[in-house]
Amino acid sequence: MSAKTRISADTRNGNINFKVVHLGKDQRPISIMKLAVMEDLSWKRGATFNHLEKAMRGQLMNYTMADLVTIVANELPISTDESAMEEAEATGEKLKKELFMVENLEGSHFMGSKGKTKSVSSDKLEDRPEDLTYFAFMCNVEPQDVDERILQERLAVNFSLKPPLSIYNVDGDKIIETLGKRSHKKSRSGAKGLEKLVGMKDEEKLGSVRKDLFRQGEEGYEEDDERIALSESPKSSAREGTTLGQQSTSDTGLSTTLSPKMSRLMGSKTSLKVVTGYFGPFTFFDNQVAFDTVFGAAPNILCSLLLKDASVLKEDIDDFVDNCKFDIFMASCRSYYVGVGNRESDI
């Protein structure tokens, strides 16, 4: 007779050593053995705790860790659940970091933006294929390396990460633009009127924009004119030969040449031969600092097959981490409650 069957049978027969608790939102009833009081011998505390642990582990597939932890915390005759949970959460954070530790990773292959495998034979920029967008990794995490009390087996997963992409000028052999890089925004505190709107400090440049907006000379411009003009719909928003906010090189020293990103958006033709992809260093397997520099300390995990939903992969990883956290929680509770060992054979 299994432990679960024996517990259920004893409960039906009215055994006073067992009780019924209710799990989860659906309040499913399950039978557990009553825990011994702290005044009882350690072997008895250990035996009753073993029954409780087996009953909770039997429900790991059906209920969340929070549901099981709640039952255990309510049954323990001492208040240890908070410190035990803090210990479990700390272990969970360590396990998540293990996914991106260089010593746990092996390179699999390179991929393009549509998931097609890319062949790379050299780290030289001029030899790299265009559209190098993702790197696929094989990851093996040994949870016992984080904490020997964890009972879960090794986690082996495949996933891909997206490095920072750049636009590379093939003819000039140089990177001309880094995609997705945020520019530093200058503070506009203390600015007034149009200066606050467009953020220009240079009076000459600001005056040129005022002419475009309000069709007035700099000398005759007043702030009241600015407010009136903004409330009206001007017939023309630009001077001849320039668009709103743009100035010719002779007026301001600024170039009106479109950026590569805007040129691609507008379909403008360019004499430059440019390609997009990863053109950073191939040193991210050398050490952890190099890896974090390229991908970040907590990168977004994607499937190694890009057409598949990454949420399933993330769910599997979260389940693994939660099961490891439950191992630590139960081992910690056993240590506080029983006082010896963390396995049944130690009792």
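The sequence shown begins at 1 in the numbering used here and counts up by one. By construction, the Cβ of each residue, glycine as well, lies at the ideal position given by its N, Cα and C atoms. Just so you know, these numbers come straight off a predicted model, no measurement behind them.
Identify every residue that forms a DSSP beta bridge with Ile175. In the DSSP output, where bridge partners are listed per residue, Ile175 has Tyr168.
Fully enclosed by the region 278-312, which beta strand (DSSP E) runs are 3 residues long or longer? List check, beta strand (DSSP E) in window: nothing returned.
Quick one: Cα of Glu148 to Cα of Ser335, how far? Looking at the two C-alpha atoms, the distance is approximately 14 Å.
Count the other CB atoms within 10 Å of the CB of Ile328; is the residue buried (16 or more) or exposed (fewer)? Ile328 is classed as buried because its beta carbon has at least 16 other beta carbons within 10 Å across all chains shown.
Taking its Cβ as the centre, do 16 or more other Cβ atoms sit within 10 Å of Arg28, making it buried, or is it exposed? It counts as exposed.
So, is Arg154 buried or exposed, given that buried needs 16 or more other C-beta atoms within 10 angstroms? The residue is exposed, with fewer than 16 neighbouring Cβ atoms inside 10 Å.
For Ile150 and Leu95, the rounded distance between their alpha carbons: Approximately 11 Å, taken between the alpha carbons.
So, at 7 Å on beta carbons, what are the nonlocal neighbours of Gly24 in its own chain, with the 5 sequence-adjacent residues on each side left out? Excluding residues within five positions, the ones whose Cβ falls inside 7 Å are Tyr63, Asp67.
Return yes when the Cβ of Ser160 is within less than 8 Å of the Cβ of Glu177, no when it is not. No, the pair does not count as a contact, with Cβ atoms beyond the cut-off.
For Tyr134: DSSP bridge partner residues: Beta-bridge pairing by DSSP links Tyr134 to Met111.
In this structure, does DSSP put Met33 in helix, strand or coil? Per DSSP, reduced to three states, the secondary structure at Met33 is strand.
What are the boundary residues of the alpha helix (DSSP H) that Val72 is part of? Unbroken alpha helix (DSSP H) run through Val72: 65-75.
Limits of the alpha helix (DSSP H) - the one that Ser42 falls within: From DSSP, the alpha helix (DSSP H) with Ser42 extends over 42-57.
Cα-Cα, which of Ile32, Ser42, Asn158 is closest to Ala310? Among Ile32, Ser42, Asn158, the Cα nearest to that of Ala310 is on Asn158.
Endpoints, beta strand (DSSP E) assigned at Val157: Per DSSP, Val157 belongs to the beta strand (DSSP E) from 155-161.
Exposure label - Asp318; buried when at least 16 CB within 10 Å: Within 10 angstroms of the beta-carbon of Asp318 lie fewer than 16 other beta-carbons, which makes it exposed.
Beta bridge counterpart(s) of Leu105 as assigned by DSSP: Beta-bridge partners of Leu105 (DSSP): Cys139.
Where Lys308 falls, given that 16 or more other Cβ within 10 Å makes a residue buried: Burial is judged here by how many other beta carbons sit within 10 angstroms of a residue's own beta carbon; Lys308 has fewer than 16 and is exposed.
In angstroms with no decimal places, state the Cα-to-Cα distance between Val20 and Leu52. The alpha-carbon atoms of Val20 and Leu52 are separated by roughly 12 Å.
Quick one: any contact between the region 102-114 and the region 133-142, if contact means 3 or more CB pairs under 8 Å? Result yes; three or more Cβ-Cβ pairs closer than 8 Å.
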